[in-house]
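Below you'll find the structure, written out as structure tokens, and then a few comments.
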Amino acid sequence: MSDDRGGGSVEDLPPEIVPGAIVNVTGTVTEFMGLTEITNPTVTFVSAPVDAPSPAATDIGTLADPIDGEAYEGVYVTLTNVKVTAATATPPNDFYFTIAQGTDTIIVDDEPLGRSRIASLLEDEDDIEIVAQCVDGV
Numbered sequence: 137m138s139d140d141r142g143g144g145s146v147e148d149l150p151p152e153i154v155p156g157a158i159v160n161v162t163g164t165v166t167e168f169m170g171l172t173e174i175t176n177p178t179v180t181f182v183s184a185p186v187d188a189p190s191p192a193a194t195d196i197g198t199l200a201d202p203i204d205g206e207a208y209e210g211v212y213v214t215l216t217n218v219k220v221t222a223a224t225a226t227p228p229n230d231f232y233f234t235i236a237q238g239t240d241t242i243i244v245d246d247e248p249l250g251r252s253r254i255a256s257l258l259e260d261e262d263d264i265e266i267v268a269q270c271v272d273g274v
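Just so we're aligned, residue 137 is where the sequence shown starts under the working numbering, counting upward by one.
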């Protein structure tokens with residue numbers, strides 16, 4: 137979900153809440169591992185989407201930049217000319233992948249230890265530069 141100031145994600149949403157739906161979210165705003173989060177969120181459905189949101193076009197270098205990338209936190213984006221360099225799925229809860237655009241690589245995994253493990257496996261590769269790590273690909 138996002139607004140004009142940025143966005144974030146909430147898990148276990150009711151089925152009527154789809155991309156583009158209008159919702160109200162209440163909870164306690166906290167900081168966790170350098171990220172702002174809402175704990176104990178309550179999500180209330182307001183209205184269905186009129187049109188599905190369009191993704192913002194960007195690139196891995198911009199997303200990884202500490203200044204320019206901040207604007208894309210929690211925003212629905214599209215990346216072109218990227219390659220999935222690894223993907224693993226162990227349903228129902230363990231999914232990760234890495235994507236690359238040139239030598240820039242982003243690790244996407246919902247588990248911090250998983251991201252650390254993948255980073256340690258890739259750190260000695262000359263043709264890979266890990267420029268960011270993400271909790272999910274949404």
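Glycine residues also receive a C-beta, built at the ideal position from the N, C-alpha and C atoms.
Bear in mind that the values here come from a model prediction, so they are computed numbers and not experimental data.
> Can you check whether the CB of lysine 219 is closer than 8 Å to the CB of isoleucine 235?
Replying inline: By one-based count along the sequence shown, residue 235 stands at place 99. By one-based count along the sequence shown, residue 219 stands at place 83. Yes, the pair counts as a contact, with Cβ atoms nearer than the cut-off.
>> Starting from glycine 197, trace the alpha helix (DSSP H) in both directions and tell me its first and last residue.
In response: Here residue 197 refers to the residue found at position 61 of the sequence shown. That run of the alpha helix (DSSP H) goes 196-200.
> What distance in whole Å lies between the Cβ atoms of threonine 162 and valine 175, which are believed to be in contact at a cut-off of 8 Å?
Replying inline: As a working mapping, residue 175 is identified with position 39 in the sequence shown. As a working mapping, residue 162 is identified with position 26 in the sequence shown. Checking the displayed sequence, the identity of residue 175 turns out to be threonine instead of valine. Not really, about 11 Å apart at Cβ, beyond 8 Å.
>> Going by C-alpha to C-alpha distance, which of Gln269, Asp260, Asp263, Gly170 sits closest to leucine 249?
In response: The count along the sequence shown starts at 1 and reaches residue 249 at position 113. The shortest C-alpha separation from leucine 249 is found at Gln269.
>> Could you compute how far the alpha carbon of glutamate 265 sits from the alpha carbon of proline 191?
In response: Here residue 265 corresponds to residue number 129 of the sequence shown, with the count starting at 1. Here residue 191 corresponds to residue number 55 of the sequence shown, with the count starting at 1. Taking the straight line from one Cα to the other gives about 25 Å.
> Do the CB positions of tyrosine 208 and threonine 221 come within less than 8 Å of each other?
Replying inline: In the sequence shown, the residue the question calls residue 208 occupies position 72. In the sequence shown, the residue the question calls residue 221 occupies position 85. Cβ distance not < 8 Å, so tyrosine 208 and threonine 221 don't count as in contact.
> How far does the alpha helix (DSSP H) with serine 256 in it reach, from first residue to last?
Replying inline: Translated into positions along the sequence shown, residue 256 becomes position 120. Where serine 256 is concerned, the enclosing alpha helix (DSSP H) stretches over 248-258.
>> Within the continuous beta strand (DSSP E) that includes isoleucine 266, where are the two ends?
In response: Walking along the sequence shown from the start, residue 266 turns up at place 130. Isoleucine 266 -> beta strand (DSSP E) spans 265-270.
>> For threonine 239, tell me which candidate among Glu247, Leu171, Ala157, Leu258 has the shortest Cα-Cα distance.
In response: Against the sequence shown, residue 239 aligns to sequence position 103. Ranking Glu247, Leu171, Ala157, Leu258 by Cα distance to threonine 239 puts Leu258 first.
> From valine 154 to valine 182, what does the alpha carbon distance come to, in whole angstroms?
Replying inline: Residue numbering aside, residue 154 sits at position 18 when the sequence shown is read from its first letter. Residue numbering aside, residue 182 sits at position 46 when the sequence shown is read from its first letter. Approximately 12 Å between the Cα atoms of the pair.
>> Classify isoleucine 116: buried if its beta carbon has 16 or more other beta carbons within 10 angstroms, exposed otherwise.
In response: No statement about residue 116 is possible, as the shown extent of the chain runs from 137 to 274 and does not include it.
>> Rounded to whole angstroms, what is the Cα-Cα separation between valine 267 and valine 211?
In response: For the purposes of this step, residue 267 is identified with residue 131 of the sequence shown, where counting begins at 1. For the purposes of this step, residue 211 is identified with residue 75 of the sequence shown, where counting begins at 1. Using only the alpha carbons, I get a separation of about 18 Å.
>> My output table needs one value for aspartate 204: the three-state DSSP class, helix, strand or coil.
In response: Here residue 204 is taken as the residue at index 68 of the sequence shown, counted from 1. Aspartate 204: helix per DSSP, three-state reduction.
>> Using a 10 Å radius around the Cβ and a threshold of 16 neighbouring Cβ atoms, would you call leucine 171 buried or exposed?
In response: Start at 1 with the first residue of the sequence shown, and residue 171 comes out as number 35. That one is exposed.
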